[in-house]
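Residues 49 to 259 in this note's numbering are what the sequence shown lists, from first letter to last. All C-beta atoms, glycine included, are put in the ideal place defined by N, C-alpha and C. All values reported here derive from a predicted model rather than from experimental measurement.
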Amino acid sequence: MAKRSFYEDDELVVSKPGFNAEISPALKEKESAHGNISFVEGMGVRTTPFLEQYSNKLRLWLHDKVSIYGAEVDTQKTAFLNEVSTVSNGVKSTIHEPVLPNLVYILTISLTGSILASRRSLPVRFATPLVFGGFALNHYMPKTFDTIVSNYENYEKSQFPEFNKQKQELVFDNYNNIKKQVDVSISEANVTLQKSVHEARKYLCDIFGDN
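This is the structure:
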């Protein structure tokens, strides 16, 4: 009578009556239909190679993405803090006088200029508060005004050198023209003054000479 086989792996079963021994590691981790099995402190743990492979890939992909995004966030945070520090240092190096109450006076005068130009054309309405505010800033906070003008000049020279050069030439030409006009006016005033003095002296001589 032929031996009946109830299990597919009957050939791996070795019967040794009265002898208990642990099966070999190769047999423990032999791949079956349910995946690989390993024992951790006596507990059997089965893993599926296909699922484990893609789980590892997903874990590595997520780790890489999180690392990249974390580094980008740290970079942006550092850049933002640097910008804030730069702006803060710039403000501290620009403002030399007490902000209050000088700022209140400057804003009040700027608002006054805006009210006075409220019925004018758009360019006038835009420029008048700036002019009033500039004069007020120069009056109440002169050191701050000089620093702002100097910083603007340096920025203009570095970013728009041609425009700055043309502006300097225009200002220089206007200065020379105004200087010439002032010199001519002073010369004419001197001539007029000398003529007036001469006529006054002659008039006095005529009066006292007759007496």
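Item, Value
"Inter-residue spacing [alpha-carbon to alpha-carbon] between Asn104 and Ile143", "58 Å"
"Cutoff 6 Å; reference Ser162; Cβ partners in own chain excluding five residues on either side", "Pro177"
"First through last residue of the alpha helix (DSSP H) which encompasses His144", "Where His144 is concerned, there is no enclosing alpha helix (DSSP H), given that its DSSP letter is neither H nor E."
"Nearest-angstrom Cα separation, counted from Glu210 out to Glu217", "11 Å"
"Test item: CB-CB of Ile36 and Ala127 under 9 Å", "The requested residue 36 does not occur in the structure, where the chain is confined to residues 49 to 259."
"Nonlocal neighbours in the same chain, by C-beta distance under 6 Å from Ser235, ignoring five residues either side", "none"
"Endpoints, alpha helix (DSSP H) assigned at Arg173", "Leu170 to Tyr188"
"Whole-Å CB distance - Asn212 paired with Lys205, under 8 Å assumed", "5 Å"
"Own chain, CB closer than 8 Å to Gly182, minus 5 neighbours either side, in chain order", "Phe193"
"Check whether Thr195 and Ser133 have beta carbons under 9 Å apart", "no"
"Sub-9 Å separation of Ile226 and Met189 beta-carbons", "no"
"With 16 other Cβ atoms within 10 Å as the buried cut-off, status of Ala165", "buried"
"Terminal residues of the alpha helix (DSSP H) in which Ser158 lies", "Asn150 to Leu164"
"Exposure of Phe208, with buried meaning 16 or more beta-carbon neighbours within 10 Å", "exposed"
"Asn137 versus Gln124: straight-line alpha-carbon distance, rounded", "20 Å"
"Nearest-angstrom Cβ-Cβ length linking Lys191 and Glu131, presumed shorter than 8 Å", "That pair is no contact at about 26 Å."
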